[in-house]
Amino acid sequence: ETEPVEEEPSAPAEAETEAATEETEPTAEVTEPSVEVTEPATEATEPAKEKTEPVEEELPDLEKIEADSVLAAATSGSCGENAFWDYNTSTHTLTISGSGALPHYNRSLVLISNYGVGEVPWISYTTLIKTIIINEGITEIGDILFSGSSNLTSVKIPNTVKMIGGSAFYECTSLKSIFIPEGVQIIGENAFHDCTNLQEITIPDSVISLGGTTGWGCFCNCSPLKSATIGKGINTINRNLFQECSSLTDV
1414 ETEPVEEEPS
1424 APAEAETEAA
1434 TEETEPTAEV
1444 TEPSVEVTEP
1454 ATEATEPAKE
1464 KTEPVEEELP
1474 DLEKIEADSV
1484 LAAATSGSCG
1494 ENAFWDYNTS
1504 THTLTISGSG
1514 ALPHYNRSLV
1524 LISNYGVGEV
1534 PWISYTTLIK
1544 TIIINEGITE
1554 IGDILFSGSS
1564 NLTSVKIPNT
1574 VKMIGGSAFY
1584 ECTSLKSIFI
1594 PEGVQIIGEN
1604 AFHDCTNLQE
1614 ITIPDSVISL
1624 GGTTGWGCFC
1634 NCSPLKSATI
1644 GKGINTINRN
1654 LFQECSSLTD
1664 V
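Residue numbering for the sequence shown follows the numbering used here, beginning at 1414 and increasing consecutively.
Structure (structure tokens):
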């Protein structure tokens, strides 16, 4: 009789699914925080420039400046070693009194002989003068002394004057006539140059030199001049004496 074979308990099958022993490690994938940096805008925006319209520079009022300078200017003073001047602002009359020679000036109205240095003392009134009265005792009218007196219409010259200087009445454009007294001996060159309203002139017998021998004539460019009387004492006369006197018909 065969004894029953005891069956050995079988080991659990290797294939049996074991309890999952593998530890599932947590996911190691780390998501780094977003590092995207937004750089500040580098484009510089300049502040808007306010457009300002150019301001027109106000020009000075030349007439007012001239008027102010006239008001501030002296109305009298000396004009030679023994001569004096006075200007009447109401009548626009320049009166010169005293004795001796009045000073000579150059083309820039700067004194070059006889008395000190400076401008014609009445220069602020030059273009305003209407009448000039030279009293007895004055012996010489200096060069360019009354030049540019554009409103001058009347001149009184005494018989004590021996000389009228060069360009003394240059560009006295309103002067229509002038009386040159007996006693004047010398009339300088250009003495009445550009007196563009002068219509007649009489040169007395006492005058021996009329305009010198060089330069422009005494009455150059006096275009309205119609009549001129020249005395018998002349021994020197400028060849350009009446140059450009287009209206002259009687000498």
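Each residue gets a CB set at the ideal place from its N, CA and C atoms; glycine is no exception.
All figures in this text were calculated on a predicted structure; none of them were measured in a lab.
**Asked** Just the Cα atoms here: how many angstroms apart are threonine 1502 and asparagine 1564?
**Response** 14 Å
**Request:** Count the CB pairs spanning the segment 1498–1514 and the segment 1547–1561 that are closer than 8 Å, and state whether there are at least three.
**Result:** yes
**Message:** According to DSSP, is tyrosine 1538 part of a helix, a strand, or is it coil?
**Reply:** helix
**Item:** Residues sharing a beta bridge with serine 1636, DSSP
**Value:** Paired residues: none, contrary to the question.
**Request:** On the DSSP bridge assignment, give the partners of phenylalanine 1592 in chain order.
**Result:** Thr1615
**Item:** Proximal residues to glutamine 1656 (C-beta, below 6 Å), its chain only, five neighbours per side dropped
**Value:** Gly1630 and Cys1633
**Asked** From the DSSP output, which residues share a beta bridge with leucine 1623?
**Response** Ile1600 and Ile1650
**Message:** For the beta strand (DSSP E) containing leucine 1507, name the first residue and the last one.
**Reply:** 1506–1511
**Item:** Distance between beta carbons of glycine 1625 and aspartate 1662, contact taken as under 8 Å
**Value:** A small fix is needed here, since residue 1662 is threonine in this sequence, not aspartate. Going by Cβ atoms, the distance from threonine 1662 to glycine 1625 rounds to 26 Å, so no, they are not a contact pair.
**Message:** Looking at the strands, I want to know which residues DSSP matches up with threonine 1552.
**Reply:** DSSP output for threonine 1552 lists no bridge partner at all.
**Prompt:** Under the three-state reduction of DSSP, which class applies to leucine 1661: helix, strand or coil?
**Reply:** coil
**Asked** Run through DSSP, which three-state label would glutamate 1494 get?
**Response** coil
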